[in-house]
Amino acid sequence: MTDAAADRTLKVLVYSDDVNTRQQVILALGRRPHPDLPELEYVEVATEPVVLQNMDRGDIALAILDGEAVPAGGMGIAKQLKDEIYQCPPVVVLTGRPQDAWLATWSRAEAAVPHPLDPIQLAEAVIGLLRPSVPATS
378 MTDAAADRTL
388 KVLVYSDDVN
398 TRQQVILALG
408 RRPHPDLPEL
418 EYVEVATEPV
428 VLQNMDRGDI
438 ALAILDGEAV
448 PAGGMGIAKQ
458 LKDEIYQCPP
468 VVVLTGRPQD
478 AWLATWSRAE
488 AAVPHPLDPI
498 QLAEAVIGLL
508 RPSVPATS
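Numbering (this note's numbering), first residue to last: 378 to 515.
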């Protein structure tokens, strides 16, 4: 039963100290951003310790971290996750502006999407990172 449930959903962690930012991400992606992907289940997180607890469980398929969150920014958390978690799932960092994308490379995030969020750009980044984790079906 757990394998079937895992096939139906992918857990996506959404971190921001701002509830509006978390809601923008979830509304932009929806339940199923692409027909090739299973439904997404969102884990909303507002603090760094809870991000670490959830990521340590090992059932998160993708993390979306707000680089503008305070007191712990998403880029610093991304770097810590990549340094400390073996086979860390992909990370998308939400940057304050497009020019901050270079900082996301320091954090080792696989993708960066600037504020204000463009739903299409966010969906493309998420789909591109989740697609390899989903087994192909014929």
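Just so you know, even glycine gets a beta-carbon here, dropped at the ideal spot from N, CA and C.
Alpha helix (DSSP H) segment containing residue i, residue limits
i	result
L429	E425 to R434
A500	P496 to L507
V396	V396 to L406
CB contact flag (residue i, residue j, <8 Å)
i	j	result
I441	L471	yes
V447	L390	no
M452	G444	yes
L499	A405	yes
CA-to-CA distance, residue j to residue i, given in whole angstroms
i	j	result
P512	L506	13 Å
I437	R385	14 Å
N397	I403	10 Å
P426	R485	20 Å
R399	L417	14 Å
W483	E461	15 Å
First through last residue of the beta strand (DSSP E) which encompasses residue i
i	result
A481	Looking at the DSSP string, A481 is not in any beta strand (DSSP E); the run it does join, the alpha helix (DSSP H), is A478 to S484.
E418	E416 to V422
A488	A488 to P491
D443	I437 to D443
V447	No beta strand (DSSP E) contains V447, which DSSP labels as neither H nor E.
V511	No beta strand (DSSP E) holds V511; DSSP gives it neither H nor E.
Paired residues, beta bridge with residue i - DSSP
i	result
E461	DSSP, once it has assigned bridges, lists no residue as partnering E461.
K388	E418 and I437
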